[in-house]
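**Q** Please read through the structure below; I'll follow up with questions.
2 protein chains.
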Amino acid sequence: MNTIRQIPGGVCAAKGFLAGGVHCGIRRNQSKRDLSLLYSEVPANAAALYTTNRVKGAPLTVTKKHLADGKARAVLCNSGNANTCNADGEEVAEAMCESLAEEMGLSAADVLVASTGVIGQPLNLAPIRSGIPPLVQSLSPDGSRLAAEGIMTTDTVAKEVAVEFTLDGKPCRLGGIAKGSGMIHPNMATMLVFLTTDAAVSPEMLEKALRTDVSSSFNMVSVDGDTSTNDMVVLLANGLAGNTEITAEGESFAAFMRALNTVTVCLCRMLAGDGEGATRLLECTVRGAKDTQTARVAAKSVICSSLVKSAMFGADANWGRVLCALGYSGADIRIDRVGVSFVSAKRSVEVCRNGAGVPFSEELAKEILLEKEIEIRVTVGDGPGEATAWGCDLTYDYVKINGDYRT
Amino acid sequence: MNTIRQIPGGVCAAKGFLAGGVHCGIRRNQSKRDLSLLYSEVPANAAALYTTNRVKGAPLTVTKKHLADGKARAVLCNSGNANTCNADGEEVAEAMCESLAEEMGLSAADVLVASTGVIGQPLNLAPIRSGIPPLVQSLSPDGSRLAAEGIMTTDTVAKEVAVEFTLDGKPCRLGGIAKGSGMIHPNMATMLVFLTTDAAVSPEMLEKALRTDVSSSFNMVSVDGDTSTNDMVVLLANGLAGNTEITAEGESFAAFMRALNTVTVCLCRMLAGDGEGATRLLECTVRGAKDTQTARVAAKSVICSSLVKSAMFGADANWGRVLCALGYSGADIRIDRVGVSFVSAKRSVEVCRNGAGVPFSEELAKEILLEKEIEIRVTVGDGPGEATAWGCDLTYDYVKINGDYRT
Numbered sequence: 000m001n002t003i004r005q006i007p008g009g010v011c012a013a014k015g016f017l018a019g020g021v022h023c024g025i026r027r028n029q030s031k032r033d034l035s036l037l038y039s040e041v042p043a044n045a046a047a048l049y050t051t052n053r054v055k056g057a058p059l060t061v062t063k064k065h066l067a068d069g070k071a072r073a074v075l076c077n078s079g080n081a082n083t084c085n086a087d088g089e090e091v092a093e094a095m096c097e098s099l100a101e102e103m104g105l106s107a108a109d110v111l112v113a114s115t116g117v118i119g120q121p122l123n124l125a126p127i128r129s130g131i132p133p134l135v136q137s138l139s140p141d142g143s144r145l146a147a148e149g150i151m152t153t154d155t156v157a158k159e160v161a162v163e164f165t166l167d168g169k170p171c172r173l174g175g176i177a178k179g180s181g182m183i184h185p186n187m188a189t190m191l192v193f194l195t196t197d198a199a200v201s202p203e204m205l206e207k208a209l210r211t212d213v214s215s216s217f218n219m220v221s222v223d224g225d226t227s228t229n230d231m232v233v234l235l236a237n238g239l240a241g242n243t244e245i246t247a248e249g250e251s252f253a254a255f256m257r258a259l260n261t262v263t264v265c266l267c268r269m270l271a272g273d274g275e276g277a278t279r280l281l282e283c284t285v286r287g288a289k290d291t292q293t294a295r296v297a298a299k300s301v302i303c304s305s306l307v308k309s310a311m312f313g314a315d316a317n318w319g320r321v322l323c324a325l326g327y328s329g330a331d332i333r334i335d336r337v338g339v340s341f342v343s344a345k346r347s348v349e350v351c352r353n354g355a356g357v358p359f360s361e362e363l364a365k366e367i368l369l370e371k372e373i374e375i376r377v378t379v380g381d382g383p384g385e386a387t388a389w390g391c392d393l394t395y396d397y398v399k400i401n402g403d404y405r406t
Numbered sequence: 000m001n002t003i004r005q006i007p008g009g010v011c012a013a014k015g016f017l018a019g020g021v022h023c024g025i026r027r028n029q030s031k032r033d034l035s036l037l038y039s040e041v042p043a044n045a046a047a048l049y050t051t052n053r054v055k056g057a058p059l060t061v062t063k064k065h066l067a068d069g070k071a072r073a074v075l076c077n078s079g080n081a082n083t084c085n086a087d088g089e090e091v092a093e094a095m096c097e098s099l100a101e102e103m104g105l106s107a108a109d110v111l112v113a114s115t116g117v118i119g120q121p122l123n124l125a126p127i128r129s130g131i132p133p134l135v136q137s138l139s140p141d142g143s144r145l146a147a148e149g150i151m152t153t154d155t156v157a158k159e160v161a162v163e164f165t166l167d168g169k170p171c172r173l174g175g176i177a178k179g180s181g182m183i184h185p186n187m188a189t190m191l192v193f194l195t196t197d198a199a200v201s202p203e204m205l206e207k208a209l210r211t212d213v214s215s216s217f218n219m220v221s222v223d224g225d226t227s228t229n230d231m232v233v234l235l236a237n238g239l240a241g242n243t244e245i246t247a248e249g250e251s252f253a254a255f256m257r258a259l260n261t262v263t264v265c266l267c268r269m270l271a272g273d274g275e276g277a278t279r280l281l282e283c284t285v286r287g288a289k290d291t292q293t294a295r296v297a298a299k300s301v302i303c304s305s306l307v308k309s310a311m312f313g314a315d316a317n318w319g320r321v322l323c324a325l326g327y328s329g330a331d332i333r334i335d336r337v338g339v340s341f342v343s344a345k346r347s348v349e350v351c352r353n354g355a356g357v358p359f360s361e362e363l364a365k366e367i368l369l370e371k372e373i374e375i376r377v378t379v380g381d382g383p384g385e386a387t388a389w390g391c392d393l394t395y396d397y398v399k400i401n402g403d404y405r406t
């Protein structure tokens, strides 16, 4: 009962959702898609969260306006240009929605819009306008991957996932796509994440679900400490699964939240593991804190430390840097209670107990730290607070990618 | 009148201060000094500030205790081991002070102690004990450089500076040495900085001077966002210049503060320019903020951004990343008032006005960004608040140095 099962289909796994993606010409490289579309065959309830950066991409302002009624039919997203810090940004974002609405016979107010790429370069509408007809043509129930590709910037892999779960005995689906890689240090939301479900959920409960979820999912991811200007998470729910609409907390809402968190945590791991230049996914778990917030602050500080990240790149069990990051995190923890282990899928090595080093095998530590996915397991006492944060190592390639991004 | 003139001599420029440094064997490389000593021929008033990291090196605890009376004669410092997160850390730090006190006929309570290097590895007393006699032998009025070398870790250059100024018609000197490079993101203090002056200043006013100064100097430096466990700034004042002791605010205190700030800003620039792996010194100036604190938060955010730092390494005039960093800084500024220029010693190029891009010569920008010292000049309005922060670019070498630090 109430099992959550991973299924294929990504953002199209839920009934009634189509997706597509094309190259329209914003990006010079013709082999890279740069325009994506999600579409619900029936009106969907929708909720979104946005970056807390004071510099906000124009698409965020327009999406917020179009979401005032809690309803949406389509999400249009381009990569290659963030449409941010441009004098005509809002105008361009509105025109994008209007072009799509016209092509599909929708109201522009039912189109949400997002952009990702370079900041401060005017976004040319022409390629988008000419790209919309083929984009709409590309819509298909198998289109999740096309859409996931169209929102990629420096990402090296397309990110999609979906699950099936049950509400009122009805099978429901929830899936999503994401783009991440750099400028990732979400605060209230993250890079671009589009989630769809055929479960029936009221706009208010959708927003509540999203807001609650991101505090333990996307807000716990950091690649480089830079909070983007264009972060956005959108969740569309079209109700085609036929369950009784969720309008309040209760068993169904809890089941929905579990499914949502399964998808978002999976996307978090994909985002972190594909961080710019990353060779390793880092997961820091903190247990035994006095409360959840304390555990979150501690876990995120470790994941954000350039020195911890560099040590992980070098497969160096330099646990002193973990303690250093815990120490400056601001989290209320007793350092003399801290324990640290490095853990891979197969093995673990304890390196610190009660705030001081313990003898350990450097060879074993090295072997563990050479794995692709590493857990930095931290205990800070016997309190009930625990949290997980995701990040990646800091590598030559991060510097390379970002030393020459515009050109 | 009241001119401040740079002079040689570093931490020994002030009357009555001697310094020295030797290799005692904590570091394996015999060509690297690893033990330094500062000594005042007469009792000195002293003040110190320490890291805000909850993980504090044992030497900080001992120094704090020894400074309870506001007096000190000597500062002993080793590199190669931070003596932090060690069960016997305080005992070892006390024993260091006692060994020196015995050798020099001082009270251990008049010896301050500092350590820098790897965290969490026991510090062996034996090489320090055997190194103390030659260390004391090495004391000399020309020893500033020896001492500056002995506190270096991944630093590539020794950092020392001194100035001469006038109080009550008496020439006074104030100089210092510093070590920095990595794990630099001070909060209330910085990496190791030792300052000496022959001006007469009461312990209370010394502490006040130091506390006021660091908020606009060392606390505005960041190399990697990691606040060290061992940060310490010490200021010794032995009064040999013969001025009337400064015991309150006033003209003399203001003159002293100016001299102090001249030395500390100079050291800040040295610390940032020699950041781990750095090829460029970055200086972000913010003007026109509503108050100083707002300007400081904004300037530091720009300097700390991994993406800005990577762009500077690539000499890429990607000003959108500067706006992004201002936007997530939390500083209360209006983005639509922001202007950005990149400035070198010879030229400048305006890239953003009123929050949007302006046409500029990419070639000129590239030439400017290829210089060794770059100012990121930000205006945010017409308020009185201004601040400067110092940092460096993020390079392959930062990753290299920190991917394999312990071994």
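Which chain is which? The protein sequence lines are G and Z, in order.
Take numbering that gives the first Met the number 0: the last position of the first sequence gets the number 406, and nothing is skipped along the way.
Take numbering that gives the first Met the number 0: the last position of the second sequence gets the number 406, and nothing is skipped along the way.
All C-beta atoms, glycine included, are put in the ideal place defined by N, C-alpha and C.
For the region 212 to 243 of chain Z, which residues have a beta carbon sitting closer than 8 Å to at least one beta carbon of chain G?
**A** Correct list: D223, G224, D225, T226, S227, T228.
**Q** To the nearest angstrom, how far is the alpha carbon of A73 of chain Z from that of V379 of chain Z?
**A** A73 of chain Z and V379 of chain Z: Cα-Cα distance of roughly 46 Å.
**Q** Would you say S78 of chain G faces chain Z, with C-beta separation under 9 Å as the test?
**A** So, not an interface residue.
**Q** Going by the C-beta, is D223 of chain Z closer than 8 Å to any heavy atom of the ligand HEM?
**A** Looking at this structure, you won't find the ligand HEM or any other ligand, since it has none at all.
**Q** Mind checking if T83 of chain Z is an interface residue toward chain G, Cβ cutoff 9 Å exclusive?
**A** Judged by the 9 Å Cβ criterion, T83 of chain Z is in contact with chain G.
**Q** Should N353 of chain G go down as buried or exposed, given a rule of 16 or more other Cβ atoms within 10 Å for buried?
**A** Looking at its Cβ environment, which holds fewer than 16 other Cβ atoms inside 10 Å, N353 of chain G is exposed.
**Q** Anything in the region 119 to 143 of chain Z with a Cβ closer than 9 Å to a Cβ of chain G? List those residues in chain order, please.
**A** Answer set for the region 119 to 143 of chain Z: G119, Q120, P121.
**Q** My understanding is that L281 of chain G touches G390 of chain G, with C-beta atoms under 8 Å, so please give their C-beta distance in whole angstroms.
**A** Contact holds; Cβ gap of about 5 Å.
**Q** Please state whether DSSP places T394 of chain Z in a helix, a strand or coil.
**A** Three-state result, T394 of chain Z: coil.
**Q** Can you say whether E250 of chain Z is buried or exposed, counting buried as having 16 or more other CB atoms within 10 angstroms of its CB?
**A** The residue is exposed, with fewer than 16 neighbouring Cβ atoms inside 10 Å.
**Q** May I have the straight-line CA-CA distance separating T60 of chain G from A86 of chain G, to the nearest angstrom?
**A** Their backbone Cα atoms lie some 13 Å apart in a straight line.
**Q** Quick check: the Cα distance between A294 of chain G and P383 of chain G, rounded to an integer number of angstroms?
**A** Each residue's Cα considered, the two are about 9 Å apart.
**Q** Below 8 Å on the Cβ atoms is my guess for S227 of chain G versus N80 of chain G; work out the distance and round it to an integer in Å.
**A** 14 Å between Cβ atoms; not a contact.
**Q** Show which residues of chain Z have a CB atom less than 7 Å away from the CB atom of F312 of chain G.
**A** The answer, in chain order, is V398, G402.
**Q** Quick check on the DSSP output: the beta strand (DSSP E) that includes Q409 of chain G runs from which residue to which?
**A** Summary: the structure shown does not reach residue 409 of chain G, with chain G confined to residues 0 through 406, and so no result is reported for it.
**Q** Can you check the region 130 to 192 of chain G for any beta strand (DSSP E) of at least 3 residues that lies completely inside it and give the ranges in chain order?
**A** Whole beta strand (DSSP E) segments, 3+ residues: 158 to 166, 169 to 177.
**Q** Let me know the alpha helix (DSSP H) ranges lying completely inside the region 318 to 363 of chain Z, each 4 residues or longer, listed in chain order.
**A** Taking only runs of at least 4 residues, the alpha helix (DSSP H) segments lying wholly in the region 318 to 363 of chain Z are 319 to 327.
**Q** At least one CB of chain G closer than 9 Å to the CB of G24 of chain Z: is that the case?
**A** With 9 Å as the cut-off, G24 of chain Z does not count as an interface residue toward chain G.
**Q** Output the boundary residues of the alpha helix (DSSP H) element that contains V112 of chain G.
**A** That residue, V112 of chain G, is in no alpha helix (DSSP H); its beta strand (DSSP E) goes 110 to 115.
**Q** Using a Cβ-Cβ distance cut-off of 9 Å, determine whether W318 of chain G contacts chain Z.
**A** Yes, because at least one Cβ of chain Z sits closer than 9 Å to the Cβ of W318 of chain G.
**Q** So, do the region 24 to 37 of chain Z and the region 135 to 151 of chain Z have three or more beta carbon pairs nearer to each other than 8 Å?
**A** With the cut-off at 8 Å, the region 24 to 37 of chain Z and the region 135 to 151 of chain Z touch.
**Q** Could you tell me whether the region 246 to 260 of chain G touches the region 200 to 219 of chain G, where touching means 3 or more Cβ pairs closer than 8 Å?
**A** With the cut-off at 8 Å, the region 246 to 260 of chain G and the region 200 to 219 of chain G touch.
**Q** State the CB to CB distance for the pair G116 of chain G and K169 of chain G, rounded to an integer number of angstroms; the pair is presumed to be in contact (CB under 8 Å).
**A** At roughly 40 Å, the Cβ-Cβ gap does not stay under 8 Å, so G116 of chain G and K169 of chain G are not in contact.
**Q** To the nearest angstrom, report how far apart I367 of chain G and F341 of chain G are at their CA atoms.
**A** One C-alpha to the other measures close to 7 Å.
**Q** In its own chain, which residues sit with a C-beta less than 7 Å from the C-beta of L209 of chain Z, not counting the 5 before and 5 after it?
**A** The answer, listed in chain order, is A46, L48, V232, L234.
**Q** Compare the C-beta of N52 of chain G with all C-beta atoms of chain Z and state if any pair is closer than 9 Å.
**A** So yes, N52 of chain G belongs to the interface.
**Q** Are any of the Cβ atoms in chain Z nearer than 9 Å to that of K70 of chain G?
**A** It does not; no Cβ of chain Z falls within 9 Å.
**Q** By the criterion of Cβ-Cβ separation under 8 Å, what are the contact partners of V162 of chain Z in chain G?
**A** Ordered by position in chain G, no residue passes the 8 Å Cβ test against V162 of chain Z, which lies about 32 Å from the chain.
**Q** Which stretch, first to last residue, makes up the alpha helix (DSSP H) that contains S305 of chain G?
**A** Unbroken alpha helix (DSSP H) run through S305 of chain G: 305 to 312.
**Q** Which chain Z residues are close to T394 of chain G, counting only those with a beta carbon under 7 Å from its beta carbon?
**A** Neighbours of T394 of chain G on chain Z, chain order: V398.
**Q** Would you decide whether N44 of chain Z is buried or exposed? Buried here means 16 or more other CB atoms lie within 10 Å of its CB.
**A** Label assigned to N44 of chain Z: buried.
**Q** Rounding to the nearest angstrom, what Cα-Cα distance links D381 of chain G and V339 of chain G in this structure?
**A** Each residue's alpha carbon lies about 14 Å from the other.
**Q** Just the Cα atoms here: how many angstroms apart are H65 of chain G and I131 of chain G?
**A** So the alpha carbons of these two residues sit roughly 19 Å apart.
**Q** So if I threshold CB-CB distances at 7 Å, which residues from the region 358 to 386 of chain G count as touching chain Z?
**A** So nothing in the stretch comes that close.
**Q** Where does V423 of chain Z land, buried or exposed, given buried means 16+ other C-beta within 10 angstroms?
**A** Summary: the structure shown does not reach residue 423 of chain Z, with chain Z confined to residues 0 through 406, and so no result is reported for it.
**Q** Answer yes or no: does any C-beta atom of chain G fall closer than 9 Å to that of I302 of chain Z?
**A** Answer no: the Cβ-Cβ gap between I302 of chain Z and chain G never drops below 9 Å.
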